[in-house]
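These notes concern the structure reproduced below.
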Amino acid sequence: MKTSPHDKLPWGNLTPSAQLSSVIWHAKQAGEHQRQGDFKMSNVSRLLGVSGYIGGHVVTDLIKKHPEYQVVALVRTKHQAEIIRDTWPAIKAVFGDLDNYDLLVEQGKQADVVLQLASSDHTLAAKALIEGLSQGKKGSYIHISGTGILHDVSSGFGNPSPKIYDDVADILEITSFDSTHVHRDTDAAVITLGGDLSIPTAIVAPCVIYGVGRGPINNRSVQVPVLVEETLKRGRPFAVGAGNNIWDHIHISDVSAAFGLLVEEALKPAGGAATWGPEGYYFVEAGEHS
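See the structure below:
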């Protein structure tokens, strides 16, 4: 699977490897007024996935850059809550999980922005959060997906895909995949319900993420440790078939930097320069390997 960079956001001073898009949450300037016409006033953001590799890194970077942000994080255990409290005393932890529909609706009602980094494929949770946003402040919903949606072995394992996807030029094709494509069911639900309820949505699809995360609970990626483990078991690197298949990659810090940019755009009037809704679909990648 191969993706192509896009131009949906003003990248400013980001390095080339960070010229991607991403997610958001939200913020309030505690005790101060934000500049009129620059940022909209906000209250509390909801973040799902703070205990994970991506979510923990994003929170670390955003809190460091924007200590004025007020964040509420969904956690499953008392142990997680204690770690989050010790790491970020200002973050409020709410106990629950993605199966608690009523809780998610209620949290959505109170949020200006919801950042769902906990699961790419929990359709019910996505619907609950968007429903809650529609009943409250009409805030934005950002959903984590993945480039697995492009998985194609029609040319055989170990062979390159015949198509390179671009999240601008090919957006209609990407958002029209059938349900046999991984992540597609939940992606479709996010786009459809967001449109029906007039909630700005964005879907972010990372590829292989590498690097040590900065979160306090999980700082390991998923794919890279598995590849390393299998290589160690075999005693040598390996390839599938001819080894000509292509996989994109990105460093976790670049993903996080892009997330921060979208956060800032989301807080501007009309969502800033970011693209939302059916065309608000972002691949995040910075290179490729085979």
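Just so you know, my numbering puts 780 at position 220 of the sequence shown, and the rest follows in order with no gaps.
Note that beta-carbon positions come from the ideal geometry of N, C-alpha and C, so glycine has one too.
Here the structure is a predicted model, which means the values were calculated and not measured.
I need the DSSP call for residue i, collapsed to helix, strand or coil.
{"i": "residue 830", "result": "helix"}
{"i": "residue 670", "result": "coil"}
{"i": "residue 813", "result": "helix"}
{"i": "residue 847", "result": "strand"}
{"i": "residue 675", "result": "strand"}
{"i": "residue 617", "result": "helix"}
{"i": "residue 607", "result": "strand"}
{"i": "residue 694", "result": "helix"}
{"i": "residue 655", "result": "strand"}
{"i": "residue 823", "result": "helix"}
{"i": "residue 748", "result": "helix"}
Measure the C-alpha to C-alpha separation of residue i and residue j and round it to an integer number of angstroms.
{"i": "residue 630", "j": "residue 651", "result": "7 Å"}
{"i": "residue 721", "j": "residue 757", "result": "37 Å"}
{"i": "residue 781", "j": "residue 815", "result": "12 Å"}
{"i": "residue 744", "j": "residue 684", "result": "14 Å"}
{"i": "residue 666", "j": "residue 692", "result": "6 Å"}
{"i": "residue 662", "j": "residue 702", "result": "19 Å"}
{"i": "residue 729", "j": "residue 835", "result": "14 Å"}
{"i": "residue 810", "j": "residue 818", "result": "11 Å"}
{"i": "residue 591", "j": "residue 737", "result": "In this prediction, residue 591 scores a pLDDT of 31, lower than 50, which makes its location untrustworthy; the coordinate-derived value is nonetheless stated afterwards. Their backbone Cα atoms lie some 46 Å apart in a straight line."}
{"i": "residue 806", "j": "residue 708", "result": "12 Å"}
{"i": "residue 606", "j": "residue 848", "result": "33 Å"}
{"i": "residue 761", "j": "residue 657", "result": "21 Å"}
{"i": "residue 796", "j": "residue 850", "result": "16 Å"}
{"i": "residue 726", "j": "residue 734", "result": "9 Å"}
Residue i: beta carbon under 7 Å from a heavy atom of the ligand ADP?
{"i": "residue 624", "result": "Because no ligand of any kind appears in the structure shown, any question about the ligand ADP cannot be addressed here."}
Could you pull out every residue in the same chain whose Cβ sits closer than 7 Å to the Cβ of residue i, ignoring the five residues on either side in sequence?
{"i": "residue 731", "result": "839, 841"}
{"i": "residue 644", "result": "610, 633, 635, 651, 653"}
{"i": "residue 777", "result": "611, 616, 640, 643"}
{"i": "residue 623", "result": "629, 648"}
{"i": "residue 723", "result": "none"}
Could you check where the alpha helix (DSSP H) with residue i kicks off and where it finishes?
{"i": "residue 741", "result": "Segment: none, residue 741 is in no alpha helix (DSSP H) and carries neither H nor E."}
{"i": "residue 639", "result": "638-647"}
{"i": "residue 724", "result": "Counting along the chain, residue 724 falls outside any alpha helix (DSSP H), and DSSP gives it neither H nor E."}
{"i": "residue 731", "result": "731-734"}
Beta-carbon within less than 6 Å of residue i's beta-carbon, same chain only, minus the 5 sequence neighbours each way: which residues are those?
{"i": "residue 747", "result": "705, 763"}
{"i": "residue 739", "result": "745"}
{"i": "residue 765", "result": "705, 706, 707, 843"}
{"i": "residue 593", "result": "Legend: pLDDT at residue 593 = 31, less than 50; position of this residue unreliable, value from coordinates given subsequently. Correct list: empty, nothing qualifies."}
Hey, could you find the ends of the beta strand (DSSP E) residue i is sitting in?
{"i": "residue 682", "result": "Where residue 682 is concerned, there is no enclosing beta strand (DSSP E), given that its DSSP letter is neither H nor E."}
{"i": "residue 791", "result": "Looking at the DSSP string, residue 791 is not in any beta strand (DSSP E); the run it does join, the alpha helix (DSSP H), is 783-794."}
{"i": "residue 710", "result": "Segment: none, residue 710 is in no beta strand (DSSP E) and carries neither H nor E."}
{"i": "residue 631", "result": "631-635"}
{"i": "residue 903", "result": "There is simply no residue 903 to check, as the chain begins at 561 and stops at 850 in what is shown."}
Using a Cβ-Cβ cutoff of less than 8 Å, which residues in the same chain neighbour residue i once the five nearest sequence positions on both sides are dropped?
{"i": "residue 790", "result": "798"}
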